[in-house]
Amino acid sequence: MRVTMADVAREAGVSKTTVSRVINTKGEVDAETAARVREVISQLGYVPSSGAVGLARGSSRTVGMLVPSLTWPWMGELLQGVVDTVEAADYGLLLFTCNRGAESVERFTTQVSARAFDGLVVVEPENTLDHLTALHRGGLPIVLIDDRGHHPEFPSVVTTNHEGGASAARHLRDAGRTRPLVITGPQHFGCVRDRLAGFLSVLPTDLVVRGDFTEPCGRLAVEQLLASGVEFDSVFAHNDISAAGVLRALRAAGRTVPGDIAVVGFDDIPMAEHTEPPLTTVRQPTRQMGEAAARMLLSHLGGTPVPDAPLVLPTELVVRHSAP
Numbered sequence: 059m060r061v062t063m064a065d066v067a068r069e070a071g072v073s074k075t076t077v078s079r080v081i082n083t084k085g086e087v088d089a090e091t092a093a094r095v096r097e098v099i100s101q102l103g104y105v106p107s108s109g110a111v112g113l114a115r116g117s118s119r120t121v122g123m124l125v126p127s128l129t130w131p132w133m134g135e136l137l138q139g140v141v142d143t144v145e146a147a148d149y150g151l152l153l154f155t156c157n158r159g160a161e162s163v164e165r166f167t168t169q170v171s172a173r174a175f176d177g178l179v180v181v182e183p184e185n186t187l188d189h190l191t192a193l194h195r196g197g198l199p200i201v202l203i204d205d206r207g208h209h210p211e212f213p214s215v216v217t218t219n220h221e222g223g224a225s226a227a228r229h230l231r232d233a234g235r236t237r238p239l240v241i242t243g244p245q246h247f248g249c250v251r252d253r254l255a256g257f258l259s260v261l262p263t264d265l266v267v268r269g270d271f272t273e274p275c276g277r278l279a280v281e282q283l284l285a286s287g288v289e290f291d292s293v294f295a296h297n298d299i300s301a302a303g304v305l306r307a308l309r310a311a312g313r314t315v316p317g318d319i320a321v322v323g324f325d326d327i328p329m330a331e332h333t334e335p336p337l338t339t340v341r342q343p344t345r346q347m348g349e350a351a352a353r354m355l356l357s358h359l360g361g362t363p364v365p366d367a368p369l370v371l372p373t374e375l376v377v378r379h380s381a382p
């Protein structure tokens, strides 16, 4: 059975208030009583609730992180950047996802109400923006990742999705490709809109397939277009997973890469250099974005004003054999 504060108070012959004061080093407790309470805590193996300690001290020394899903291929790198930074500052991390819709938001709101964390890092905020805005205005420090400065009321760390799309287009154009196919991600993500706009600003095309960032999406898009007789000489997929589906479909159809069709992805996840052929892609600095967002939030919690403008970390084109 779990040892409670009441058990400690009874064994030490003091009130629960006195035990709380000893744990949180608040209020006046004479040295002899404090020593007795600490001895009982040690004997009983009592572990104070971190939430209760945080409430008493005015800080939980915990950071929250809200993400759409943990299944995104680059999420692990971004999360590692956040974890490394907050742990180095002696903070903990509470992780929340939005993949269960209203149920996830309700669970997250409960933790906010309980003051379970001091500030929040958020990835792709669209579906929770109204809720986050209310929390931010109510005093909860929030830093957005990958927001591209679309919501200036929040401090943010962004990457150059528009320029990333444009760099993919320039690379294909300079290689002599004139008939590109673009396979996007879900349209409600701002990064998708930016990548598409950047690409089309350099290499316009009417071949745009609305995708969902999955391997089957990339594969089926290519299969269907080839079956219908539509010709294209290059593909820009909005992430590496859908680009892998493109490569699979082209290989099955007997089309050579890059001889017949060049392929460019986006993200540069570890898989990208192991596809057949290795994938040319636009690298996102995901770990660095996580580190920078966590540092920004911790600095804000420490009293440093947040910057007025988004912190921009650039993308980089990584050239491999699928589009040399």
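One rule links them: number in our numbering = place in the sequence shown (from 1) + 58. In this text, a Cβ means the ideal position worked out from N, Cα and C, and glycines have one as well.
For residue i, the residue or residues it bridges with in DSSP
i: F154; result: L124
i: A295; result: I241
i: V340; result: F324 and L375
i: T217; result: L371
i: V180; result: L124 and L202
Selected residue, minimal CA-CA separation from residue i, among the options
i: H229; options: E97, A320, D65 and D176; result: A320
i: I203; options: T62, Q342 and S380; result: Q342
i: A92; options: V80, G103 and C249; result: V80
i: A351; options: V216, M329 and G360; result: V216
i: V315; options: A302, D326, F324 and I327; result: A302
i: G103; options: E135, L136 and D65; result: D65
i: V181; options: S357, V201 and F166; result: V201
i: D326; options: M133, P368 and G317; result: M133
i: E211; options: G348, V376, D366 and T272; result: D366
i: F175; options: R195, H194 and L152; result: L152
i: S300; options: T242, G317 and L356; result: T242
i: D298; options: V288, Q282 and V322; result: V322
i: L193; options: H246, T236, G122 and P238; result: G122
i: L124; options: S117, V140, S118 and P131; result: V140
i: S118; options: E221, E69, A89 and Y149; result: Y149
i: R378; options: T339, L355 and M63; result: T339
i: F271; options: V250, F290, Q282 and L265; result: V250
i: L198; options: P368, T120, F290 and E69; result: T120
i: A381; options: L355, R231, E349 and E273; result: R231
i: N219; options: F324, M329, E69 and E90; result: F324
i: Q138; options: M347, E281 and S357; result: M347
Where residue i falls, given that 16 or more other Cβ within 10 Å makes a residue buried
i: G234; result: exposed
i: D252; result: buried
i: H209; result: buried
i: T129; result: exposed
i: T186; result: buried
i: H246; result: exposed
i: S259; result: exposed
i: T75; result: exposed
i: P213; result: buried
i: T143; result: buried
i: E221; result: buried
Minimum Cβ-Cβ distance from residue i to chain B less than 7 Å
i: T75; result: No chain B appears in this structure, which consists of one protein chain only.
Exercise. Enumerated in chain order, which unbroken segments of the beta strand (DSSP E) with a length of 3 residues or greater are wholly contained in the region 254-330?
Worked result: 292-295 and 320-325
For this session: Could you tell me whether the region 293-302 touches the region 215-235, using the rule of 3 or more Cβ pairs below 8 Å?
Result: yes
For this session: Count the C-beta pairs between the region 364-382 and the region 326-343 that are closer than 8 Å, then say yes if the count reaches three, no if not.
Result: yes
Exercise. On the three-pair Cβ rule with 8 Å, is the region 330-340 touching the region 303-313?
Worked result: yes
Exercise. So, do the region 66-80 and the region 94-103 have three or more beta carbon pairs nearer to each other than 8 Å?
Worked result: yes
For this session: Could you tell me whether the region 275-285 touches the region 352-361, where touching means 3 or more Cβ pairs closer than 8 Å?
Result: no
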